[in-house]
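A.B. asks: The structure under discussion is supplied below as structure tokens; questions concerning it will follow.
Protein chains: 2
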Amino acid sequence: MGIAMVILSDKQTNFVSVTGSSYQPLSPTPAYKLVADAIEREILSGRVRPGQAIGTEAELVKQFAVNRSTVREGIRLLEQGGLIRRDSSRRLFACLPRYDRLANRISRALLLHQVTFGELWEATLALEVAVAQSAAEHATPEGLAALEQNLARTREALGNPALLAKLDTEFHALLCQASGNRVLRLAREPESQLLSPTTEVIFSKVPEATPRLIEAHGFIIDAVRRHDGEAAVLWMRRHVKDWRTGFVRAGNPLDRTIDSLYRDKQGESPPTP
Amino acid sequence: MGIAMVILSDKQTNFVSVTGSSYQPLSPTPAYKLVADAIEREILSGRVRPGQAIGTEAELVKQFAVNRSTVREGIRLLEQGGLIRRDSSRRLFACLPRYDRLANRISRALLLHQVTFGELWEATLALEVAVAQSAAEHATPEGLAALEQNLARTREALGNPALLAKLDTEFHALLCQASGNRVLRLAREPESQLLSPTTEVIFSKVPEATPRLIEAHGFIIDAVRRHDGEAAVLWMRRHVKDWRTGFVRAGNPLDRTIDSLYRDKQGESPPTP
DNA sequence: ACCAATTTGTCCGTATGTATG
DNA sequence: TCATACATACGGACAAATTGG
């Protein structure tokens, strides 16, 4: 019922009385957006915690005194934004926006903006180096174990480009997880999504890439184990640069757009939610 | 009309005939989502270029053979996702997802995930250093002029924390623009949004921060002018570290959550679209 | 395991005000 | 001025799922 008050007061500000006689409409916000905003405020302000239930549609209809379709339009806005979710029983819950959904959006946007491999690589270098540094500072034994297991599996994947690419992507994700930095995790996800298809091509076209990858991953793990940030950064930098070299050796120019890479692999569609 | 075919064939795959007698429903995708997906495919595949017009609602109704409400639900999904837009005449156009909208989403998510200043700072350091490097390599005279103008205005803003914070934020945005790397631009935007309120606090509580900021900005501009990436990186690193120091001097622990900072400044609401 | 009430998903038709040409 | 198209909102219908006995 608190929500209803909010929206009603908002509605009143849609019109401002002007001294004298007339009224001036002030960008009358649509009702469905007022509904969405009111609920969003509840969540962002912390009055409704993630995981906590929002009322049923019927309740919201009563509280806001609007039609169910209107409530549903507002809800759809928030659902699309990842702020609320429906569980199996389809009741509404506040929730934390999921990383992968956000990352998907960003990947899609970068594709449409026709960013080049070079731009993507530059950002990746910066982020991966930061991840290496942070992982060396914060890694736990469990994180290290996961990395070592990944390396072991990589050693057994020689000659299997698809699997190698998958394991390489996983290695960097695990390293970032070990760093415990959620901002880095969200920032590197889109780049990772977009670049993984290039990795496979490199492994199939540039044979020497595989041993160098295994060497680099091994040294990075060693550095992380010793909490030696400098060494981790050094090897990570080398590793990421190697991979740019591989991309060029595979016959691609650095200013090739990422979406042209996807367009070539006809079957594979770009990241879709 | 090509779109209509797509959706019709999709509809048929909702039901799969099983050898013998019965039919098995296969997660019947709602009609409005089929509409949205069909249009999204057109855009992502490049068959519809950003800026190009989509049909009117009535045309889509005919093509998909569904009710207008259904078309509108689908359209709203894409509009919310930033893939299509309406111009002044309300006709539908494909468009490039806007950076600031995406960045807003991410900022909101990071807030809700209760990331700490430390996490944010770590990512910012990495990205800003990369920006400095890239800007030194790619900056044009126009980009440099904009940076210099920003610096001049900063020198005149002494003692005005709010304006200083605004100009500092602008400086880093301009530098990133000068680098010409759109991936970096999108990656650093959310961090920038979330951290700008902390900047203001620092300037008001830590007097020595202002001259150090002006000094650093000046040296960064010099380095960029000389295309001296190393110097640009050096000064940027110093600058970003300074700012962490300022945050601590202002009395905050590094593991303070960002949303707690926003909650304190009651008036200022967190980033809303 | 069955039934009845509730809730949600989906879709349709209509109405009103507004912007466009 | 008028016709058209659009945004918004409402009301309702029916199917399917969920809940609570």
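Taken in order, these protein sequences are the chains called L and Y.
Residue 1477 is where the first sequence starts when you use the numbering used here, and the numbers rise one by one after that.
Residue 1477 is where the second sequence starts when you use the numbering used here, and the numbers rise one by one after that.
Using N, Cα and C, we set each Cβ at its ideal position, and we do this for glycine too.
1. Are there 16 or more other CB atoms within 10 angstroms of the CB of L/Gly1558, so buried, or fewer, so exposed?
2. Along chain L, which residues have their Cβ under 9 Å away from the Cβ of Y/Glu1598?
3. Using a Cβ-Cβ distance cut-off of 8 Å, determine whether Y/Gln1528 contacts chain L.
4. Who are the Cβ neighbours of Y/Pro1637 in its own chain at under 7 Å, not counting the five residues just before and after it?
5. Please go through the same chain and pick out, in chain order, the residues whose beta-carbon is closer than 7 Å to the beta-carbon of L/Tyr1575, but skip the five residues on each side of it.
6. Considering Cα atoms alone, identify which of Y/Ala1534, Y/Ala1628, Y/Gly1522 is closest to Y/Leu1572.
7. Alpha carbon to alpha carbon, how far is L/Leu1588 from Y/Leu1568? Give it in angstroms, no decimals.
8. Taking the alpha-carbon positions, what's the Y/Asn1626 to Y/Leu1620 distance?
9. Just reading off the alpha helix (DSSP H) that Y/Ile1582 is part of, what are its end residues?
10. For chain L, find out if any of its Cβ atoms is closer than 8 Å to the Cβ of Y/Leu1821; answer yes or no.
11. Name the DSSP bridge partner or partners of L/Leu1568?
12. I'd like to confirm the pairing. Which residues does DSSP put opposite Y/Thr1592 in its beta bridges?
13. Counting C-beta neighbours from all protein chains within 10 Å, is the total for Y/Glu1706 16 or more, i.e. buried, or is it exposed?
14. Out of L/Ser1565, L/Thr1674, L/Leu1623, point me to the one whose CA is closest to L/Ala1654's CA.
15. Would the region 1689-1696 of chain Y count as touching the region 1731-1741 of chain Y if we require 3 or more Cβ pairs under 8 Å?
16. With contact counted as at least three CB pairs below 8 Å, one residue from each stretch, are the region 1508-1517 of chain L and the region 1508-1515 of chain Y in contact?
17. Classify L/His1703: buried if its beta carbon has 16 or more other beta carbons within 10 angstroms, exposed otherwise.
18. Within its chain, find whatever has a CB closer than 6 Å to the CB of Y/Val1542; leave out the 5 residues flanking it on each side and keep chain order.
19. Please list, in chain order, the residues of the region 1561-1592 of chain L that have any C-beta partner in chain Y closer than 8 Å.
20. How far does the alpha helix (DSSP H) with L/Leu1634 in it reach, from first residue to last?
21. Which residues does DSSP list as the beta-bridge partners of Y/Ala1529?
22. With the cut-off set at 8 Å, would you say Y/Ala1570 and Y/Ile1582 are in Cβ contact?
23. If you run the structure through DSSP and keep just helix, strand and coil, what is Y/Gly1619?
24. Can you tell me where the alpha helix (DSSP H) with Y/Arg1702 in it begins and where it stops?
25. For chain Y, is any of its Cβ atoms less than 8 Å away from the one on L/Glu1595?
26. Spell out a yes or no on whether the region 1586-1604 of chain Y and the region 1542-1552 of chain Y are touching, meaning 3 or more CB-CB pairs, one atom from each, closer than 8 Å.
27. Just the C-alpha distance for L/His1715 and L/Cys1652, rounded to the nearest angstrom, thanks.
28. Please find out if some non-hydrogen atom of the ligand FMN comes closer than 7 Å to the beta-carbon of Y/Glu1684.
29. Could you check how far apart the C-beta atoms of L/Arg1584 and Y/Leu1520 are, in whole angstroms? I think they sit under 8 Å.
30. Buried or exposed: which applies to L/Ala1628, given that a residue is buried once 16 or more other Cβ atoms fall within 10 Å of its Cβ?
31. Here's the rule: buried if 16 or more other CB atoms are within 10 angstroms of the residue's CB, otherwise exposed. What is L/Gly1527?
32. What is the DSSP secondary structure of L/Gly1722, counted as helix, strand or coil?
33. Got a sec? Which residues, its chain only, sit under 6 Å from L/Arg1732 by beta carbon, not counting five neighbours each side?
34. From this set, L/Ala1726, L/Met1712, L/Val1537, L/Ala1685, which residue's C-alpha is nearest L/Thr1630's C-alpha?
35. What is the rounded straight-line gap between the Cα of Y/Ser1545 and the Cα of L/Lys1509?
36. Give me the Cβ distance between L/Glu1598 and Y/Ser1610, rounded to the nearest whole Å; I'm assuming they're in contact under 8 Å.
C.D. replies: Here's the rundown:
1. buried
2. Ala1606, Gln1609, Ser1610, Ser1655, Asn1657, Val1659, Leu1660
3. no
4. Glu1676, Phe1679, Ser1680
5. Arg1661, Leu1662, Glu1665
6. Y/Gly1522
7. 18 Å
8. 10 Å
9. 1575-1588
10. Nothing about residue 1821 of chain Y can be reported from this structure: the residues present for chain Y run from 1477 to 1749 only.
11. L/Arg1562
12. Y/Thr1733
13. exposed
14. L/Leu1623
15. no
16. no
17. exposed
18. Ala1507
19. Leu1572, Pro1573, Tyr1575, Leu1578, Arg1581, Ile1582, Arg1584, Ala1585, Leu1586, Leu1587, Leu1588, His1589, Val1591
20. It is not in any alpha helix (DSSP H) - L/Leu1634 carries neither H nor E in the DSSP assignment.
21. Y/Phe1569
22. no
23. helix
24. Taken as a continuous stretch (DSSP letters only), Y/Arg1702 belongs to no alpha helix (DSSP H), as it is neither H nor E.
25. yes
26. no
27. 15 Å
28. In the structure shown, the ligand FMN is absent, as is every other ligand, since no ligand is present at all.
29. 7 Å
30. exposed
31. exposed
32. helix
33. Phe1593
34. L/Ala1685
35. 17 Å
36. 6 Å
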